[in-house]
Structures are given as structure tokens and as C-alpha cells.
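> Have a look at this one.
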Amino acid sequence: MTDKKISMNNDNSESPLIVMYPGLAEPTDEYLLFTRQIGLDTVLVAGLPEHLRSVEGLLSIKKRYADAGIKVYSVLGPIGMQPKEIVLNLPGRDDLIEVYLNWIRTLSKAGFCYTNSGFMGGTGVWTTGRGGEASVRGAGTREFNEAAPTITQFPRVALWGDRTAGESIPPFEVNKLAFEREYTRDEIIENFTYFIRKVVPVAEECGVFIGFHPDDPPGYQTMAGVARIFSSFNSIKEMLQIANSPNIGIILCAGIWLEGGERMGVDLTEAIHWFVSNKKTREVHLRNVSSTLPHFLETFPDNGYYDMYKAIKALVDAGYDGAVHLDHSLEMVGSPYTYQAFATGYMRACLQRALAETDK
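According to this note's numbering, the sequence shown holds residues 280 to 639 in order.
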């Protein structure tokens, strides 16, 4: 059987594609108008109600956006970033893997060629403060401080990532075992190998590229008794070598790279050039932070320790033509769209400047 060639949905193939995220599965007229008003014509949909989890459902999402002049880069789902059954080899693992494989097939049939995944130890993203507990310029944000007395899991919601519905998963405490026992690095790598060897043939047959999310925060060998295997440049490369497929790569999260600093092994611009030149990323997250580990706050793009223009310029110089979007939002006054409007405008300005500098 001939494998399908990956072809991303970027008509402007010579530059990064800034996309709206999270795109709504059932967008309101106001949301569609807002997306156009901030200069975006592509969305990455996350959070999918059950009645749309089919080829027909995906095509209806695509049509709803197309009628408004907006493209859909892809639709994310269905098992989230860190299903503990898969990461830890718990009962139900094979059933969840089959759900994921069927999702890849469904995406392909609907004309999409990208999705993502993660292997964050079954525990996800960690924080020591959020909202009223931490702020930047008066905006609620996420904070991480490894010296804090309590470090908990960043609140997550329902399986499909719908931020408007579902109950938060109870947090773990990093100084306690998240599960009944410790899980070693060798075990987690063995479980990743089992998972990826089932995924790769289907992804290659369907022409779907899968980006794995790095650990957040990075640089820790274990958290809450579970080894983390996507925590540095070298460990990520090791996992990609295990996968050994042109269809497997990473989500290149600038925020995580900036959190890690020297712990990552290479700086952000080096990472961008390596992953882009080796065709190992189709999704880039942009986020600034106040400082590197052991203590940081997520910040506005214009007031972290890093010049975000350097990241955008590196993407342009490397010839990246995939999706770029914001990830974690700060809690600003006004509408739910306030941060998205501010930060997207900043990103677009950086991209316009980078393209202009390249043309000189």
C-alpha cells in the first residue's frame, strides 16, 4: 500500500502560518468575525463534542469556517496530551490506542494531515500558582517555582480539551507519588515504544504527521514518581529516533524551551533550525516567560526575558511553513478575546518585520 504524502494546509508556503487557537468546533458568528478582524484566515480546532467526532462532523466544521473565508489547519483529539493508560501501561491501553488510530484515519478521510499527542507522564503540566495567585501587569497567569512548598498539576479539563465544559482533573502533588508506585525511565520509554510502533504504520498510510508535546516544565527526570522522556533536546531526539518515521515529530513550544534555558541543551533558535531543517515540526507554540527555571511566570510576549522577534525570525530563516499559535493565555480584563487580540497582533508584527528583513 502506498503511503500518502504529507501536505500541510498553508497556501503561503514560504512563511510561517499564524493560526487561531483554540479554534472552536462550533464557532459563533462573533468568533468568526473576530478571527478575521485580527488578520487570521486559519484556525486549529480543539475541543470536539461527541456528535462531531466523525468524518461528516469534521467536514461540517471545515464548511462552517470555509463559508466565512477561513481555513481549518486541523482538528485536535481525541485522547489528550497524556493519557495515563498509554503512558503507564494501565488497563485500557490498547482500547485507547485504537481510539487514537481511528482518529488518525478519520482525520485523513476528512482531508486533514496533522494531529498531536504527548507523553507527559500521565500527569501533565505543573504549576505553583494560577490566576489570582500569580499575575503579570495585573493579568492572571501561571507561575512555577520549584522551591514552593506545593507544586500541583496545571488544571486540565475534559478529555477532548473543551474549555467550556467538563470537570477539572484532580491535581497531583509533585512531592508525592501520583500513582501507586514509581515508574522508571526505562518503563516509560518501553511504553512509548509500544505506542509509537502501533501509531507509525497508520500515520504513514494515512499521510498524517503527529507532533509530540515536550514536558512542561522541562528539565526534570521525574515528577510525582513518573519519569519524563520529552524534557530536553537530546531526550526528544532519542524519542524521535525510536519512532524512526517522517510522520513523527514534536510541537516546538517556545515557552517550554525558554523555561528550560540551559537545561534544554540547545537554545531556542538552534532548536528551531534543527527541527525545521529535519522536518520534525508542523506546530509551533509562542509564549514568553519571565526567566528560566527554577522559577518563572508566563508573561505577555513583549515583557518576558526573551525577544520573541528572534524566534519568529528564526522560523522565517529556517523556511518553516507550518502553524504558529499562542498557547496559554493570560487573564485580561474585557472580553475573552482580549489577550488573543493583543498577542496575535504582536506576533503578526514580528512576522511582518521578519519577512521584510528577509527581503532586503
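In this text, a Cβ means the ideal position worked out from N, Cα and C, and glycines have one as well.
For clarity, every value in this text was computed on a predicted model and none was experimentally measured.
(1) Please classify A622: is it buried, with 16 or more other beta-carbons within 10 angstroms of its beta-carbon, or exposed?
(2) Under the rule that 16 or more other beta-carbon atoms within 10 Å means buried, what is D494, buried or exposed?
(3) Using a Cβ-Cβ cutoff of less than 6 angstroms, which residues in the same chain neighbour L609 once the five nearest sequence positions on both sides are dropped?
(4) According to DSSP, what are the bridge partners of K350?
(5) Confirm, please, whether the CB-CB distance from D581 to Y616 is below 8 angstroms.
(6) Using only CA atoms, which one of V481, N454, S614, H492 lies nearest to M502?
(7) I'd like the list of long-range same chain contacts for V505, defined as Cβ closer than 8 angstroms, with 5 residues on each side in sequence excluded.
(8) For the beta strand (DSSP E) that contains L657, what are its first and last residues?
(9) From the DSSP output, which residues share a beta bridge with L605?
(10) Run the CB neighbour count on I530, radius 10 Å, all protein chains shown included, and call it buried at 16 or more, exposed below.
(11) So that I know if they touch, is there some Cβ in chain C lying closer than 8 angstroms to that of S556?
(12) According to DSSP, is S556 helix, strand or coil?
(13) Which residue or residues does DSSP assign as beta-bridge partners of W405?
(14) For G601 and V568, which I take to be in contact (beta-carbon distance under 8 angstroms), what is that distance rounded to the nearest angstrom?
(15) Taking DSSP as the reference, what is the three-state secondary structure of V478?
(16) Quick one: using the 10 Å Cβ neighbour count with 16 as the cut-off for buried, is E422 buried or exposed?
This is what the structure holds:
(1) In this structure A622 is buried. Its beta-carbon is surrounded by 16 or more other beta-carbon atoms within 10 angstroms.
(2) Residue environment: D494 is assigned as buried (16 or more neighbouring CB atoms within 10 Å of its CB, all protein chains considered).
(3) A418, T420, Y618
(4) T321
(5) Not a contact, by the Cβ cut-off of 8 angstroms.
(6) N454
(7) V366, L367, G400, G401, T402, A457, F458, E461, Y462, I467
(8) Look at the range of the chain in this structure, 280 to 639, and you will see that residue 657 is not part of it.
(9) L565
(10) Per the 10 Å Cβ criterion, buried.
(11) Among the chains of the structure shown, chain C does not appear; only one protein chain is present.
(12) helix
(13) Under DSSP, W405 takes part in a beta bridge, and its partners are Q432.
(14) With a Cβ gap of about 23 angstroms, G601 and V568 do not count as contacting.
(15) helix
(16) The residue is buried, with at least 16 neighbouring Cβ atoms inside 10 Å.
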